[in-house]
Each structure stands twice: as C-alpha cells, then as structure tokens.
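Residue numbers (our numbering): 1 to 339. Idealized CB from N, CA, C, for every residue including glycine. This one's a predicted model, so the numbers in the text were calculated from it and none came from an experiment. Have a look at the structure below, then the notes.
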Ligand code: 13P
C-alpha cells in the first residue's frame, strides 16, 4: 500500500468521516451573518478553534479540511491548527481551488479555477502539515445543463488538480457537486450525476491517477429542493447507490458525501440508509460542512460564553454521522443523551 492509500483509508476509517471547515472568506461571512456575528479574523479563528478543540470529536472525525487562512492560524495557546489536529489523531487537509467562476461563452455555468501555480502551493501546504486536498467543481441541472462543455472542462481541471496532488504526496479529494437546487426529479439528478462522474473518471484515468490514493466527494442524488413530491430517504439511498455502482471504480477507497444544503438530520439519515444496504466496494462516509456545523454555529452565536454548548452540538452531530457510517443510526438517537 502506498502512503497515499494509507492516508485515504485512514480518512474513511470505520465510524469516522471528515469535517469540511474550509469556508472561503465570502462563505464564512454568510454563515456568520446568519447568527449576527462579525466576520473578523479573530472571530473566524475562535470559531475554528472551538470546533477543532472539541474533546472526543476525534472518535468520529478522521480529518478536517482547512482554508488557506486557517491552516496558518493557531489556537489560544499558540499551537498551529494543523499540529493541534494531528495531536488528536485528526488528519489536516486543505481546500486548494480558487472557486467556481463564470465559464467563458456559456450562459451561466461555471469552471473552477486555481491551477496556475498549484504545484508550488501544494508543496507549501504540505510543509504546513496538510496530507490531503480538496477541489470543488459545480454543475446545475436545467434544460440544457449541465452542458457537455461544462462537464468536460471541469473534469479535465479536476484531473489536473488531482494529478498534481498525487505528485506532491497529497491525497486529492475530487469534488464534483451537481447542485440540487430547483424542481428536477430524482431521475434527472441521477442522470446528471452519472454524466458528470463518467467524465471525471475518464479524465482521472487519462491523466494517470492511481484511484487507490484518491477520494470522491459527490452530491447525493436528490429530488430538487423545490420539486413537488420529493423522494424519501430510502429512494434517495437506492438512486444514489445505483448511480455510484455504475460510475465509480471499486479501487476508490471511499466516497465522502457533501451535505449540499440538506438538513443535518436528512444528511445523516441518507448516509445511514446507504450503509444499511451494504457492504459496498467503497467506504461510504461524510465530508460535511453545514450538516456538521449548523447546530454548533447557532449555539455559539459569536459569544465566548456559548463555546461549550456549541462544542456539545458539534460533538452530537459528529456522533450521529459516525453511527450512520455503519448503518446503526436511528432518529431516536437525536434526543437520547443530549444535554
Ligand atoms: P456542505 O456539506 O455544506 O455542502 O459543504 C461541504 C463542502 O466542503 C462543499 O465544498
């Protein structure tokens, strides 16, 4: 086993998943606005420290994705965040894309940027302690979307990023996110997600990636958030699995889903239902941002006196998702033993 494969497998260890805490400046400002907190560098640092220092979270959290600012920050005692995480057995990772920008000559589709200078940035991040990286491409479902143009340009960029990561000794998390906004049906989501995955694995293969040292971070296959008669938990689990069985090579160690605007309990229940249908060729895990953080962010409200309540809320969501890793989650666990 290569060291890349070791890291990828450690990130999807039994009962554990990843915390995505890599919100860019714009996104974290939106999250802070929602709780009436100011997005200053110190507030962002304090909030991230609250999450990273939560006692016991390491029982359910294998890795954390950091943002450029955060990987350079330290806790109150001066311990750099990557060191703090490592001391708990949590693997530090880093978001390396520069965001989804308008795709030239398209109406409103996007291409993710950040390839220029990436080789040098990856080597700096590795020095700072990162062992894996993330790059997110986004696609919309609409009449003629995602277009072949958007699907293939993003697949090509994802594979270029992933190859540079493996060269630098970092595990690439490949994140093609088909956004689930709108009124599309479950079947439309499955088709769009399948087309995107087909292109991504074609490009990863052509660009010489070793799948064993990669992880896939996809959307789940859902009915559009505004669709009438939205599919239930079981239907979502089955449609998502059908799509991934068709398109994701068995050599990929794990599929770590994003939550993408689902409620935190839905994200947990969907993951649980898929694992209950296992075993599968790949580990099915989580790499949630909002679905792990939303209750903690609300409990914190930007106030130092709420840090412990926020840590309890984060710990609880981590534990629920840890249970969903083995199909052992039940909604009754949401209230049992919560302070
Ligand atoms: P969400 O779980 O909030 O979708 O965030 C995951 C992520 O990292 C998106 O890039």
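Check: Three-pair Cβ contact test at 8 Å for the stretch 206 to 222 versus the stretch 31 to 51; Outcome: no
Check: Nearest residue (CA-CA) to residue 99, options 73, 139, 128; Outcome: 139
Check: Burial state of residue 217 (16 or more Cβ within 10 Å); Outcome: buried
Check: Unbroken alpha helix (DSSP H) run spanning residue 123, endpoints; Outcome: 118 to 127
Check: Near the ligand 13P: residue 288 beta-carbon under 8 Å from a heavy atom; Outcome: yes
Check: Buried or exposed (CB count within 10 angstroms, at least 16 for buried), residue 97; Outcome: buried
Check: Residue 205, buried or exposed, once every other Cβ within 10 Å from all chains shown has been counted against 16; Outcome: exposed
Check: Three-state secondary structure (DSSP) of residue 1; Outcome: Bear in mind that the predicted position of residue 1 carries a pLDDT of just 47, short of 50, making it too unreliable to give a figure here.
Check: Residue from 168, 276, 89 with nearest C-alpha to residue 127; Outcome: 168
Check: Alpha helix (DSSP H) segment containing residue 87, residue limits; Outcome: 81 to 87
Check: Local Cβ density within 10 Å of residue 16, reported as buried at 16 or more and exposed below that; Outcome: buried
Check: Backbone secondary structure at residue 354 - three-state DSSP; Outcome: No answer is possible for residue 354: the residues shown for the chain start at 1 and end at 339.
Check: Distance between beta carbons of residue 333 and residue 320, contact taken as under 8 Å; Outcome: 6 Å
Check: Those residues which DSSP pairs with residue 138 across a bridge; Outcome: 177
Check: For residue 375, the first and last residue of its enclosing beta strand (DSSP E); Outcome: The question about residue 375 has no answer, for the chain in this structure spans 1 to 339.
Check: Any non-hydrogen atom of the ligand 13P closer than 8 Å to residue 259 Cβ; Outcome: yes
Check: Cβ neighbours of residue 220 in the same chain (closer than 7 Å, five flanking residues each side left out); Outcome: 236, 240, 257, 270
Check: Per-residue burial, residue 105 [other beta carbons within 10 Å of its own, 16 or more giving buried]; Outcome: exposed
Check: DSSP beta-bridge partners of residue 100; Outcome: 112
Check: Segment contact, 8 Å Cβ cut-off, at least three pairs: the stretch 288 to 297 with the stretch 16 to 33; Outcome: yes
Check: Paired residues, beta bridge with residue 63 - DSSP; Outcome: 18, 91
Check: Runs of beta strand (DSSP E) wholly within the stretch 243 to 318 (minimum 3 residues, chain order); Outcome: 254 to 257, 283 to 288
Check: Identity of the residues DSSP links to residue 172 by a beta bridge; Outcome: 133
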